[in-house]
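Notes follow once the structure below has been shown.
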């Protein structure tokens, strides 16, 4: 934590109330089942409730309405949302950690590009012609910023990211190592002599506050833009096809794929390894179970799972019926 | 488009016929639903037909037999294959865009490697010992070309590609950022003390005109070669196991995986997130739906989907029957 | 093979017995169906038995109890485990191949880092502050070793690997090109104004003898460590979420994903494209078929497949019953 606070002090910072010894000191974070003396931990997922009675952590963030069923050694700090509160505290500590700064050598900055307001340009970074970099931008080693790319203020590009020419990255974005932004969309026209490549002449636009996971790939549009909307978060190893349009505040878990020209609204929560067909429309605030396949348009507010994805309750029922098939066929003999 | 042409001039270039004002000028490409004045667009997928009546694009490439059902503001250019024609026009424009050239510094070229006929060696590119580079080869920044790799004429290696030693890349290939060609196949022999690594001593051969997507991985053979046949196109984040042999003119959509020693013929069309088991044989001209799992040999000319993949019509029927199970079981109570 | 041995000499090395001409010489390895004169090949998978009667290889490693049903031209070398024996011979040859060594320039080594006992630091490698490198470590070009990373003796980091700060890599590990170790876990708290990032303050620990495939991503823990146990092998394009704990001697085939906080025991064999839900416990020595989805806890010693994964025999039965549904419904009309 790089600082030491008492439970009372923490409670004051986060607007919580203390149950137990408010003078206990914490200087580190830990998971509840791994907590040791001096650690602050939290209880958000009820699956982990059992651990609160045995944890060796010194203090635990719990929900305001949490009522222990046994004695608890640790000091409780009661808050409305333990996970969000933990996040806030971690953010405070995290923000106090010093970040790399300055321009390391050797790096490659094309003539005429202004890097004077950047926070950090790592060694072996490559900045193409006509690139525009905002204030406080960090570009880690081995990242490639193609010609005419625009990167907004306070965005962080981790090591080995590749951003092809003409793409536009917003403010406060985070792009993790190995992500590829703006490679050619997968477009080929069949001909008598095999496939003819369709030039991919558009770009990718990542709006403000997006986060892109490690080794995720977002293809440039054939024409126009592939777009990831403000505040959307993509995990690792995700594929986004050309001309996809993703709205605001969606979360996509790892290894999901979105085929070309599909549009996705706002506030969707997508499990890992899902696949969206191309040229479909998805509404807002849906929840897709992991490994779902989504072949057709979807409205808003649904909870879907399966291959192809159906209503989650129907999916569960079908599994029960399939399990019963053996007895059914045996009875019919 | 970096040039301006009238619809009449375009029609002359592509052998099309004009319906509407042939003197309208276009200077950019756009999707039909995003077209603005001065844009050329196209209509190939019937799902988008509605947009032709409202598009603000100045001209639209349509099929020769297209008959409007309402008035259309845009000029129509009738051609046999609108998408292929668009591709041709985009290619013409694309070819006129200037490409990077020369040898940027710092780059690392091993002694004795001749780069004099290369189009471009980007900064921070690494060229190993004994590498042979053809005419017009472009190697973007941060790419790693291992010892003794051979790269054919006019091939483009985008930023951050890794090609391990001894691999062979054909002519006119395109390899996108982050692709890894020739990493060790996944071969381990179980022993009493855990797994013993099997050295992977073969290589990868990409034949002419192949295109490999961003962050795709193609493992080197244990012995002999893993091979991608002439004209085959692999999208992003695809896995190709050791000793796989892929024939000519196949297209594989993103996130598909092919396990070791499987052979795939020619002209197959494979949807996203498919998985092919190891040690199987796939024939020619099959179509695999997205997310299919293919555990066994497949002949030629099939349309398959599912997990495991079955005939697409049977798959659709089974979905209907599964949906009916609830009523079936209720009737039997 | 970079050496030439007779079948008799090979048999002496591996403790095998000869059937046929022991004086035949071999100088290369090949698959049985591709073997040419001078090649040593092997027969382990019965699917390939047919090829032993036609192979042009000079010698074949076979099981001690192999009894030919026809005449065989090649010399047989009978051993207990042909694949393991082949691996041993390939390892011998492989070990005799010279590896890159020394420190290439330009590379970036932070002040105070001791690289004197490293085998190889490639050009454009980046070594952060406070990094500790063991004896015989090889770091290929374009790899990024973040601040305070520890790497054990004789570990090989191939080109373009990214290891974020504070991660710990064991001895004799192999990390293939493009792998990303220690990027932020996917942790966000929903708020009224969109998602708030949870800082990911833990690290990744790869224990000794682990191998990590190309472009695989292993996220750092929110708190504590994401851990891959001793001797476990991960193929390409695998996703490991934050706070996952993987035990010893597991093998994971390509494109599998493990969601956050899941723990997996020892000795499991996991097919390609599997998905493990978050916050679940998996025991030891299970086998998971390719593309399985594992939503819940699993004990030990199971053979599972499906979405969701069930016992492999039940899965096979269900497929049969589903196939019969058509006749069932037709009979009921």
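Chains as they are written, first to last, in the working numbering: chain S, 97 to 429; chain L, 97 to 429; chain R, 97 to 429. Ideal placement from N, C-alpha and C gives every residue a C-beta, glycine not left out.
Problem set entry | Inter-residue Cα distance where the pair is residue 399/S and residue 399/R | As a working mapping, residue 399/S is identified with position 303 in the first chain. As a working mapping, residue 399/R is identified with position 303 in the third chain. Approximately 30 Å between the Cα atoms of the pair.
For this session: May I ask you to report which of helix, strand or coil DSSP gives residue 412/S?
Result: Here residue 412/S refers to the residue found at position 316 when the first chain is read from its first residue. Of the three classes helix, strand and coil, the one that applies to residue 412/S here is helix, per DSSP.
Exercise. Using 8 Å as the limit for Cβ to Cβ distance, is residue 419/R near chain S?
Worked result: Indexing the third chain from 1 puts residue 419/R at position 323. It does not; no Cβ of chain S falls within 8 Å.
Problem set entry | Spatial neighbours of residue 44/S in its chain, beta-carbon cut-off 6 Å, leaving aside the 5 residues before and after | The requested residue 44/S does not occur in the structure, where chain S is confined to residues 97 to 429.
For this session: Just tell me which of 228/S, 324/S, 294/S, 203/S has its CA closest to the CA of residue 191/L.
Result: As a position in the second chain, residue 191/L is number 95, starting the count at 1. The shortest C-alpha separation from residue 191/L is found at 294/S.
Exercise. By how many angstroms is the C-alpha of residue 292/R removed from the C-alpha of residue 222/R?
Worked result: Along the third chain, one-based indexing puts residue 222/R at 126. Along the third chain, one-based indexing puts residue 292/R at 196. CA-CA distance, residue 222/R to residue 292/R, rounds to 31 Å.
Problem set entry | The beta strand (DSSP E) enclosing residue 321/S, as first and last residue numbers | By 1-based counting over the first chain, the position of residue 321/S is 225. Per DSSP, the continuous beta strand (DSSP E) segment holding residue 321/S begins and ends at 321-324.
For this session: Could you check what DSSP says for residue 286/L in three-state terms: helix, strand or coil?
Result: In the second chain, counting from the first residue as 1, residue 286/L sits at position 190. It is a strand residue.
Exercise. Between the region 279-287 of chain L and the region 276-284 of chain S, do three or more beta carbon pairs fall short of 8 Å?
Worked result: Look at the beta carbons and you see the region 279-287 of chain L not touching the region 276-284 of chain S: under three pairs across the two are nearer than 8 Å.
Exercise. Do we get a CB-CB distance below 8 Å when we pair residue 267/R with the residues of chain S?
Worked result: On the third chain, residue 267/R is found 171 positions in, with the first residue counted as 1. It does not; no Cβ of chain S falls within 8 Å.
Exercise. Helix, strand or coil for residue 231/S per DSSP?
Worked result: Residue 231/S sits at position 135 when you count from the first residue of the first chain. Coil at residue 231/S, not helix or strand.
Problem set entry | Residues that residue 297/R contacts on chain S, provided the C-beta gap is smaller than 7 Å | For this step, residue 297/R is matched to residue 201 along the third chain. Ordered by position in chain S, the residues that pass the 7 Å Cβ test against residue 297/R are 125, 186, 190.
Exercise. Counting only runs that start and end within the region 125-196 of chain L, where is the beta strand (DSSP E) found for 3 or more residues in a row?
Worked result: Scanning the region 125-196 of chain L from its first residue to its last, the whole beta strand (DSSP E) runs of 3-plus residues come out as 135-138, 155-159, 171-175.
For this session: Along the beta strand (DSSP E) that carries residue 279/L, what are the first and last residues, could you check?
Result: On the second chain, position 183 is the one that residue 279/L refers to. Its beta strand (DSSP E) spans residues 276-279.
Problem set entry | Beta-carbon proximity of residue 173/R to residue 106/R, cut-off 8 Å | The residue given as residue 173/R occupies position 77 in the third chain. The residue given as residue 106/R occupies position 10 in the third chain. A Cβ-Cβ contact shorter than 8 Å links residue 173/R with residue 106/R.
Exercise. Along the chain, where does the beta strand (DSSP E) that runs through residue 302/S open and close?
Worked result: Position 206 of the first chain, counted from the first residue, corresponds to residue 302/S. Residues 299-302.
Problem set entry | Buried or exposed (CB count within 10 angstroms, at least 16 for buried), residue 289/L | Locating residue 289/L in the second chain gives position 193, counting from the first residue. When all chains shown are included, residue 289/L counts as exposed.
Problem set entry | Beta-carbon separation (whole angstroms), residue 351/L vs residue 368/L, contact threshold 8 Å | The residue given as residue 351/L occupies position 255 in the second chain. The residue given as residue 368/L occupies position 272 in the second chain. Rounded, the Cβ-Cβ distance is 5 Å, consistent with contact.
Problem set entry | Neighbour flag for residue 311/S against chain R, beta carbons, 8 Å | As a first step, residue 311/S must be located in the first chain, where it is residue number 215. At a cut-off of 8 Å between beta-carbon atoms, residue 311/S makes contact with chain R.
Exercise. Given that residue 292/R touches chain S, what residues does it touch there, using C-beta distances under 9 Å?
Worked result: Here residue 292/R refers to the residue found at position 196 when the third chain is read from its first residue. The answer, in chain order, is 180, 183, 184, 187.
For this session: Assess, as a yes-or-no matter, whether the region 262-269 of chain S is touched by the region 293-308 of chain S under the definition of 3 or more beta carbon pairs within less than 8 Å.
Result: A contact exists between the region 293-308 of chain S and the region 262-269 of chain S.
Exercise. Between the region 279-290 of chain R and chain S, which residues of the former have CB atoms less than 7 Å from a CB of the latter, in chain order?
Worked result: When C-beta distances to chain S are compared with 7 Å, the residues of the region 279-290 of chain R below that value are 279, 280, 282, 284, 285, 287, 290, in chain order.
Exercise. Between 426/R, 385/R, 423/R, 419/R, which lies nearest to residue 407/R when the distance is taken from Cα to Cα?
Worked result: Start at 1 with the first residue of the third chain, and residue 407/R comes out as number 311. Ranking the options by Cα distance to residue 407/R, first place goes to 385/R.
Exercise. Roughly how far, in whole angstroms, is the beta-carbon of residue 118/S from the beta-carbon of residue 181/S, given that I think they are within contact range, below 8 Å?
Worked result: By 1-based counting over the first chain, the position of residue 118/S is 22. By 1-based counting over the first chain, the position of residue 181/S is 85. Actually they are not in contact, since the Cβ atoms of residue 118/S and residue 181/S sit about 16 Å apart, beyond 8 Å.
Exercise. Given that a residue counts as buried once 16 or more other Cβ atoms are within 10 Å of its Cβ, and exposed if not, what is residue 336/S?
Worked result: Residue mapping note: residue 336/S aligns to position 240 of the first chain, counting from 1. By the 10 Å Cβ count, residue 336/S comes out buried.
For this session: Kindly examine the ligand ATP and report whether one of its heavy atoms sits closer than 7 Å to the Cβ of residue 327/R.
Result: Within the structure as shown, the ligand ATP is missing, as the structure has no ligands at all.
For this session: For residue 338/S, decide whether its Cβ has a neighbour in chain L, counting only Cβ atoms nearer than 8 Å.
Result: Position 242 of the first chain holds residue 338/S. Not an interface residue.
Exercise. Hey, quick one: how far does the alpha helix (DSSP H) through residue 103/S stretch, first residue to last?
Worked result: To locate residue 103/S, count along the first chain from 1; it is residue 7. Unbroken alpha helix (DSSP H) run through residue 103/S: 103-110.
Exercise. With a CB to CB cut of under 7 Å and the five nearest residues on each side skipped, what residues in its chain are close to residue 178/L?
Worked result: Counted from its first residue, the second chain places residue 178/L at position 82. Cβ within range, chain order: 138, 139, 140, 157, 158, 159.
Exercise. To the nearest whole angstrom, what separates the beta carbons of residue 325/S and residue 339/S, a pair I think is in contact under 8 Å?
Worked result: To locate residue 325/S, count along the first chain from 1; it is residue 229. To locate residue 339/S, count along the first chain from 1; it is residue 243. Taking C-beta atoms under 8 Å as the contact rule, residue 325/S and residue 339/S fail to qualify, at a distance of about 14 Å.
Exercise. Rounded C-beta distance between residue 252/S and residue 234/S? I'm assuming under 8 Å.
Worked result: Position 156 of the first chain, counted from the start, is the residue given in the question as residue 252/S. Position 138 of the first chain, counted from the start, is the residue given in the question as residue 234/S. With 8 Å as the limit, residue 252/S and residue 234/S qualify as a contact, their Cβ atoms being about 5 Å apart.
For this session: Report buried or exposed for residue 423/L, applying the criterion of at least 16 other Cβ atoms within 10 angstroms of its Cβ.
Result: Mapped onto the second chain, residue 423/L falls at position 327. Flag for residue 423/L reads exposed.
Exercise. According to the neighbour-count rule (16 or more other Cβ atoms, all chains shown, within 10 Å of its Cβ), is residue 296/L buried or exposed?
Worked result: Numbered from its first residue, the second chain carries residue 296/L at position 200. Looking at its Cβ environment, which holds 16 or more other Cβ atoms inside 10 Å, residue 296/L is buried.
Problem set entry | Interface residues of chain S facing residue 220/R [CB-CB closer than 8 Å] | Here residue 220/R refers to the residue found at position 124 of the third chain. For residue 220/R, the chain S residues whose C-beta falls within less than 8 Å of its own C-beta are 220, 238, listed in chain order.
Problem set entry | Nearest residue (CA-CA) to residue 255/S, options 371/S, 237/S, 270/S, 123/S | Within the first chain, the letter at position 159 stands for residue 255/S. If we check each option's Cα against that of residue 255/S, 237/S comes out closest.
Problem set entry | Buried versus exposed call for residue 257/L [16 or more other C-beta atoms within 10 Å across all chains shown] | Sequence index remark: in the second chain, residue 257/L carries index 161 (1-based). Buried, by the Cβ-count rule.
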